[in-house]
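Student: Could you have a look at this structure, given as structure tokens, before my questions?
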Amino acid sequence: MIGLAPWLVGFPLIGAAILLLGGKATDRWGHWLGVLASAASAAVGFILMFRMIGTVPEDRSVDHHLWTWLSAGGLDVDLGIRLDPLSMTFVMLVTFVGTLIHVYSVAYMDHDPHRRRFFGYLNLFVAAMLTLVLADSYLLLFVGWEGVGLASYLLIGFWDTGRPSARENAVAAKKAFVMNRIGDMGLIAAMALMFSTVGSVSFADVLPAAAGDGAGSATALISPAVATAIGLCLLLAACGKSAQFPLQAWLGDAMAGPTPVSALIHAATMVTAGVYLMVRSGPILEAAPTAQLVVVIVGAVTLLFGAVVGTAKDDIKKALAASTMSQIGYMMLAAGLGPAGYAFAIFHLLTHGFFKAGLFLGAGSVMHAMDDQTDMRRFGGLSRFLPITWITMGLGWLAILGIPPFSGFWSKDGIIEAAFMPVEGQPWRAWVFGTVAVLGAAITAFYMTRLFFMTFGGRRPRWTENQHPHEGSPLMWWPLVFLGVGSAALGLVLGVGGTFVTWLEPVVGHAEHHEPVLPVPVIIGATLTVVVLGALLAFRMYAMSLVPEEAPRGSVLTRAARRDLYQDAANETLVLKPAHGVARLVQVGDRDVVDRGWSLLPQTVSWFGAMFRKVQSGYVRSYAAGMAGGVLVIAAVVWLVSGLGGAQ
Numbered sequence: 189m190i191g192l193a194p195w196l197v198g199f200p201l202i203g204a205a206i207l208l209l210g211g212k213a214t215d216r217w218g219h220w221l222g223v224l225a226s227a228a229s230a231a232v233g234f235i236l237m238f239r240m241i242g243t244v245p246e247d248r249s250v251d252h253h254l255w256t257w258l259s260a261g262g263l264d265v266d267l268g269i270r271l272d273p274l275s276m277t278f279v280m281l282v283t284f285v286g287t288l289i290h291v292y293s294v295a296y297m298d299h300d301p302h303r304r305r306f307f308g309y310l311n312l313f314v315a316a317m318l319t320l321v322l323a324d325s326y327l328l329l330f331v332g333w334e335g336v337g338l339a340s341y342l343l344i345g346f347w348d349t350g351r352p353s354a355r356e357n358a359v360a361a362k363k364a365f366v367m368n369r370i371g372d373m374g375l376i377a378a379m380a381l382m383f384s385t386v387g388s389v390s391f392a393d394v395l396p397a398a399a400g401d402g403a404g405s406a407t408a409l410i411s412p413a414v415a416t417a418i419g420l421c422l423l424l425a426a427c428g429k430s431a432q433f434p435l436q437a438w439l440g441d442a443m444a445g446p447t448p449v450s451a452l453i454h455a456a457t458m459v460t461a462g463v464y465l466m467v468r469s470g471p472i473l474e475a476a477p478t479a480q481l482v483v484v485i486v487g488a489v490t491l492l493f494g495a496v497v498g499t500a501k502d503d504i505k506k507a508l509a510a511s512t513m514s515q516i517g518y519m520m521l522a523a524g525l526g527p528a529g530y531a532f533a534i535f536h537l538l539t540h541g542f543f544k545a546g547l548f549l550g551a552g553s554v555m556h557a558m559d560d561q562t563d564m565r566r567f568g569g570l571s572r573f574l575p576i577t578w579i580t581m582g583l584g585w586l587a588i589l590g591i592p593p594f595s596g597f598w599s600k601d602g603i604i605e606a607a608f609m610p611v612e613g614q615p616w617r618a619w620v621f622g623t624v625a626v627l628g629a630a631i632t633a634f635y636m637t638r639l640f641f642m643t644f645g646g647r648r649p650r651w652t653e654n655q656h657p658h659e660g661s662p663l664m665w666w667p668l669v670f671l672g673v674g675s676a677a678l679g680l681v682l683g684v685g686g687t688f689v690t691w692l693e694p695v696v697g698h699a700e701h702h703e704p705v706l707p708v709p710v711i712i713g714a715t716l717t718v719v720v721l722g723a724l725l726a727f728r729m730y731a732m733s734l735v736p737e738e739a740p741r742g743s744v745l746t747r748a749a750r751r752d753l754y755q756d757a758a759n760e761t762l763v764l765k766p767a768h769g770v771a772r773l774v775q776v777g778d779r780d781v782v783d784r785g786w787s788l789l790p791q792t793v794s795w796f797g798a799m800f801r802k803v804q805s806g807y808v809r810s811y812a813a814g815m816a817g818g819v820l821v822i823a824a825v826v827w828l829v830s831g832l833g834g835a836q
């Protein structure tokens with residue numbers, strides 16, 4: 189059955205090729221081909237998953253060689269697929285949630301004249317993400333890594349013509365693309381370090397070399413210093429792809445794409461890739477405690493950054509984008525905690541994939557009902573008109589808050605407990621990062637309750653008279669129902685008894701049990717207390733009180749949060765303007781030094797030519813006089829030389 193594995197990528201890749209190359213002939217049925225391609229990949233994923241579940245844990249990791257990709261000098265790269273519990277978890281998330289998003293998109297993009305091309309891009313996105321998570325080497329992972337970057341660029345800027353916002357959409361796509369290329373330099377540098385040290389970029393060689401067990405065909409083990417450099421380079425790559433500080437500024441602008449794109453990027457594909465990279469590279473991070481600490485710091489900063497930004501956004505999609513940034517920060521924090529956090533990072537990624545996809549698609553349903561309006565200050569009272577959307581988004585809201593027994597409780601609570609685990613020689617870490625995790629949960633409860641009640645609650649509706657909100661077609665709300673069920677029950681099914689942690693143990697290793705610095709019941713109680721308080725505060729402000737239709741000026745922090753805590757301004761000051769200065773300096777050097785220097789050479793030759801040309805008059809007597817003068821000069825020189833010789 190391992191021979192089925194290439195079809196995980198093959199089906200959506202073939203679908204993308206047909207849809208993008210088939211032209212207008214595929215317009216009538218192309219969207220259903222896109223759904224079928226993603227569903228076929230999901231079916232293969234289910235078959236392989238059940239086969240893996242029936243295998244003993246020791247045999248659940250399989251490298252399936254396909255062919256030799258390239259051989260150059262000392263580098264031999266075999267193209268192959270790695271099937272293990274980690275990659276299969278991502279396969280199921282990407283294909284199942286991705287298929288639901290495809291089905292939703294059939295109705296959501298119903299009137300778009302370029303729907304077939306849109307589904308081609310969706311298939312390409314799924315194929316690239318599956319390539320990334322199934323790769324058995326960093327080089328093949330990089331192919332999928334660049335593939336999701338390309339697909340995101342195409343989808344974020346999908347509406348780059350024919351709309352008033354076309355220019356802004358194109359700029360948003362370019363911003364995401366460029367910022368991700370900055371992160372990609374980290375992955376390229378990491379692979380260069382791997383090859384120079386180990387002589388390979390395959391997981392089977394690099395990861396054992398980092399762990400120091402000498403397995404694989406590595407030519408050398410990775411020293412702590414090199415492991416630190418590699419770990420920091422991989423973190424740079426993850427920050428770009430997963431929108432972590434300081435490369436997170438593209439994520440809010442990425443909402444320019446159609447809403448199903450936002451759901452796909454935030455729930456099942458692109459932003460989860462950085463977390464996958466960190467967990468897959470766990471042995472490298474464990475060999476580099478400094479890099480591991482930086483990963484935790486980046487995650488902690490980002491989870492607070494995104495949460496604060498989310499409290500001030502009135503655009504429903506941008507509020508959810510800030511939420512994603514914050515939740516990925518939780519996952520990154522957990523990934524930096526080592527074996528104690530790896531499984532919970534992926535567990536939260538999995539549950540987040542369901543409730544965040546449900547929240548984004550629910551936001552799309554609200555926008556569909558409100559003539560593409562995204563300003564929550566123009567919503568209110570929609571629960572009566574959109575009951576299915578209200579219930580399913582409510583399940584996602586309770587899940588992201590971490591209210592038991594909903595999914596987010598089982599995964600995020602595990603991260604918070606792991607953050608309170610003591611670290612030998614650094615007692616401050618448990619208190620600092622644990623407190624940050626709890627504080628992030630409180631702010632999350634506030635901004636998500638704000639979003640929920642600004643949209644569905646309130647004492648009176650705030651929309652205009654010409655709007656008539658209504659529920660979408662079954663193709664839109666059935667995916668919401670499936671995602672709502674996952675938001676409610678997935679964490680409970682996989683969390684009780686440590687089922688998911690045990691499932692990932694063959695990949696991430698067994699975590700030694702350590703008691704947190706606070707008793708677990710105290711941590712759970714404190715977290716739930718601040719969550720309830722944050723939710724009650726938002727309920728009082730946005731459900732019990734009138735919501736102004738125009739945003740008030742707000743405090744200094746509120747105004748800063750509306751502008752993403754001035755991250756764009758910081759990037760322009762620290763990166764963009766210096767880069768422009770360097771570019772202008774290079775331009776001046778190229779124009780005034782290189783170009784003018786080379787242009788001076790022919791001018792000099794031309795000047796000498798003009799001088800010699802005057803000698804060529806064409807008169808015989810002038811030539812005769814010149815020859816006579818030359819003879820006289822020669823005679824004078826001979827006389828002088830002879831005189832000097834005689835004097836000696």
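No gaps in the numbering here: position 355 of the sequence shown is 543 in this note's numbering, and each next residue is one more. We put the beta carbon where it would ideally sit given N, CA and C, even for glycine.
According to DSSP, simplified to helix, strand and coil, what is residue 214?
Tutor: The sequence position of residue 214 within the sequence shown is 26, counting from 1. If DSSP states are grouped into helix, strand and coil, residue 214 belongs with the helices.
Student: Going by other Cβ atoms of all chains shown within 10 Å of its Cβ, with 16 needed for buried, is residue 533 buried or exposed?
Tutor: Numbered from 1 along the sequence shown, position 345 holds the residue referred to as residue 533. Residue 533 should be labelled buried.
Student: Helix, strand or coil: which one does DSSP assign to residue 556?
Tutor: To locate residue 556, count along the sequence shown from 1; it is residue 368. Reduced to three states, the DSSP call for residue 556 is helix.
Student: Can you give me the Cβ contacts of residue 281 inside the same chain, cut-off strictly under 7 Å, excluding the 5 residues immediately before and after it?
Tutor: Mapped onto the sequence shown, residue 281 falls at position 93. Setting aside the 5 residues that flank it on each side, residue 281 is surrounded in the same chain by 456, 538 and 541, each with a C-beta closer than 7 Å to its C-beta; the list follows chain order.
Student: At 4 residues or longer, what runs of the alpha helix (DSSP H) sit wholly inside the region 777 to 804?
Tutor: As far as the region 777 to 804 is concerned, its whole alpha helix (DSSP H) runs of at least 4 residues are 784 to 803.
Student: Taking DSSP as the reference, what is the three-state secondary structure of residue 717?
Tutor: The sequence position of residue 717 within the sequence shown is 529, counting from 1. Helix.
Student: Between the C-alpha atoms of residue 680 and residue 535, what's the straight-line distance to the nearest angstrom?
Tutor: As a position in the sequence shown, residue 680 is number 492, starting the count at 1. As a position in the sequence shown, residue 535 is number 347, starting the count at 1. Cα to Cα, the separation comes out at about 11 Å.
Student: When burial is assigned at 16 or more other CB atoms within 10 Å of the CB, is residue 661 buried or exposed?
Tutor: Working through the sequence shown from its first residue, we reach residue 661 at position 473. Residue 661 comes out exposed.
Student: If you reduce the DSSP assignment to three classes, tell me which class residue 323 lands in.
Tutor: To locate residue 323, count along the sequence shown from 1; it is residue 135. Three-state DSSP puts residue 323 in a strand.
Student: List in chain order: all unbroken alpha helix (DSSP H) runs of 4+ residues lying wholly within the region 436 to 467.
Tutor: 438 to 441 and 447 to 451
Student: Across which residues does DSSP place residue 270 in a beta bridge pair?
Tutor: Locating residue 270 in the sequence shown gives position 82, counting from the first residue. In the DSSP assignment, residue 270 is bridged to 251.
Student: Closest to residue 224 by C-alpha separation, out of 765, 314, 209 and 748, would be which residue?
Tutor: Within the sequence shown, the letter at position 36 stands for residue 224. The shortest C-alpha to C-alpha distance from residue 224 to any of 765, 314, 209 and 748 is the one to 314.
Student: Between residue 783 and residue 367, what straight-line distance do the alpha-carbon atoms span, to the nearest angstrom?
Tutor: For the purposes of this step, residue 783 is taken as residue 595 along the sequence shown, with counting starting at 1. For the purposes of this step, residue 367 is taken as residue 179 along the sequence shown, with counting starting at 1. Near 32 Å, if we compare the C-alpha coordinates of residue 367 and residue 783.
Student: Which residue wins for smallest C-alpha separation from residue 250, given the options 214, 193 and 257?
Tutor: Numbered from its first residue, the sequence shown carries residue 250 at position 62. Among 214, 193 and 257, the Cα nearest to that of residue 250 belongs to 193.
Student: Could you tell me whether the Cβ atoms of residue 489 and residue 433 are closer together than 7 Å?
Tutor: For the purposes of this step, residue 489 is taken as residue 301 along the sequence shown, with counting starting at 1. For the purposes of this step, residue 433 is taken as residue 245 along the sequence shown, with counting starting at 1. Taking 7 Å as the Cβ cut-off, residue 489 and residue 433 qualify as a contacting pair.
Student: Kindly indicate which three-state DSSP category residue 651 falls into: helix, strand or coil?
Tutor: As a working note, residue 651 is residue 463 in the sequence shown. In the structure shown, residue 651 sits in coil (DSSP, three-state: anything other than H, G, I, E or B).
Student: Of all the options 340, 628 and 476, which has the alpha carbon lying nearest to the alpha carbon of residue 438?
Tutor: In the sequence shown, residue 438 corresponds to position 250, counting from 1. The candidate whose alpha carbon is nearest that of residue 438 is 340.
Student: Given a cut-off of 7 Å on the beta-carbon distance, is the pair residue 604 and residue 460 in contact?
Tutor: Along the sequence shown, one-based indexing puts residue 604 at 416. Along the sequence shown, one-based indexing puts residue 460 at 272. Not a contact, by the Cβ cut-off of 7 Å.
Student: Within the continuous alpha helix (DSSP H) that includes residue 393, where are the two ends?
Tutor: Within the sequence shown, the letter at position 205 stands for residue 393. Going by DSSP, residue 393 is part of the alpha helix (DSSP H) stretching over 391 to 399.
Student: Looking at the unbroken alpha helix (DSSP H) that takes in residue 643, where does it start and where does it end?
Tutor: Counting from 1 along the sequence shown, the entry for residue 643 is found at position 455. Segment 616 to 644, the alpha helix (DSSP H) holding residue 643.
Student: Return yes when the Cβ of residue 222 is within less than 7 Å of the Cβ of residue 307, no when it is not.
Tutor: What you label residue 307 is simply residue 119 of the sequence shown in a count that begins at 1. What you label residue 222 is simply residue 34 of the sequence shown in a count that begins at 1. Yes, these two residues count as a Cβ contact at 7 Å.
Student: In its own chain, which residues sit with a C-beta less than 6 Å from the C-beta of residue 363, not counting the 5 before and 5 after it?
Tutor: The sequence position of residue 363 within the sequence shown is 175, counting from 1. Within the same chain, residue 363 has close Cβ partners 438 and 441.
Student: Return the CA-CA distance between residue 398 and residue 748, expressed in angstroms with no decimal places.
Tutor: Along the sequence shown, read from residue 1 onward, the residue named residue 398 stands at position 210. Along the sequence shown, read from residue 1 onward, the residue named residue 748 stands at position 560. Their Cα atoms are separated by approximately 42 Å.
Student: Using alpha carbons as the reference points, say which of 557, 477 and 813 lies closest to residue 419.
Tutor: Along the sequence shown, read from residue 1 onward, the residue named residue 419 stands at position 231. Among 557, 477 and 813, the Cα nearest to that of residue 419 is on 477.
Student: How about residue 218 and residue 236: do their beta carbons lie closer than 7 Å?
Tutor: Taking the first residue of the sequence shown as position 1, residue 218 is located at position 30. Taking the first residue of the sequence shown as position 1, residue 236 is located at position 48. Taking 7 Å as the Cβ cut-off, residue 218 and residue 236 do not qualify as a contacting pair.
Student: Classify residue 519: buried if its beta carbon has 16 or more other beta carbons within 10 angstroms, exposed otherwise.
Tutor: Reading the sequence shown from its first residue, position 331 is the one you call residue 519. Buried, since its Cβ has 16 or more Cβ neighbours within 10 Å.
Student: Hey, how far is the Cα of residue 523 from the Cα of residue 655?
Tutor: For the purposes of this step, residue 523 is taken as residue 335 along the sequence shown, with counting starting at 1. For the purposes of this step, residue 655 is taken as residue 467 along the sequence shown, with counting starting at 1. Residue 523 and residue 655: Cα-Cα distance of roughly 46 Å.
Student: Are the beta-carbon atoms of residue 588 and residue 543 separated by less than 7 Å?
Tutor: Locating residue 588 in the sequence shown gives position 400, where the first residue counts as 1. Locating residue 543 in the sequence shown gives position 355, where the first residue counts as 1. Contact: yes.
Student: Once you ignore the five residues that flank residue 507 on each side, which residues in its own chain have a CB closer than 6 Å to its CB?
Tutor: As a working note, residue 507 is residue 319 in the sequence shown. Excluding positions up to five away in sequence, the list reads 498, 501 and 639.
Student: Check whether the Cβ of residue 827 sits closer than 6 Å to any heavy atom of the ligand GDP, and report yes or no.
Tutor: The ligand GDP is not among the ligands present in this structure, which contains no ligands whatsoever.
Student: Classify residue 312 as helix, strand or coil using the three-state DSSP reduction.
Tutor: Position 124 of the sequence shown holds residue 312. Helix.
Student: Evaluate residue 585 with the Cβ neighbour count: other Cβ atoms within 10 Å of its Cβ, from every protein chain shown; 16 or more gives buried, anything less gives exposed.
Tutor: Residue numbering aside, residue 585 sits at position 397 when the sequence shown is read from its first letter. The residue is buried, with at least 16 neighbouring Cβ atoms inside 10 Å.
Student: My assumption, with CB atoms under 8 Å, is that residue 448 sits in contact with residue 292. Please give the rounded CB distance.
Tutor: Taking the sequence shown and counting its residues from 1, the one referred to as residue 448 is at position 260. Taking the sequence shown and counting its residues from 1, the one referred to as residue 292 is at position 104. Their Cβ separation, rounded to whole angstroms, is 6 Å, which keeps residue 448 and residue 292 in contact under 8 Å.
Student: Could you check if residue 355 is buried or exposed, using at least 16 other CB atoms within 10 Å of its CB as the buried criterion?
Tutor: Taking the first residue of the sequence shown as 1, we reach residue 355 at position 167. With fewer than 16 other Cβ atoms within 10 Å, it is exposed.
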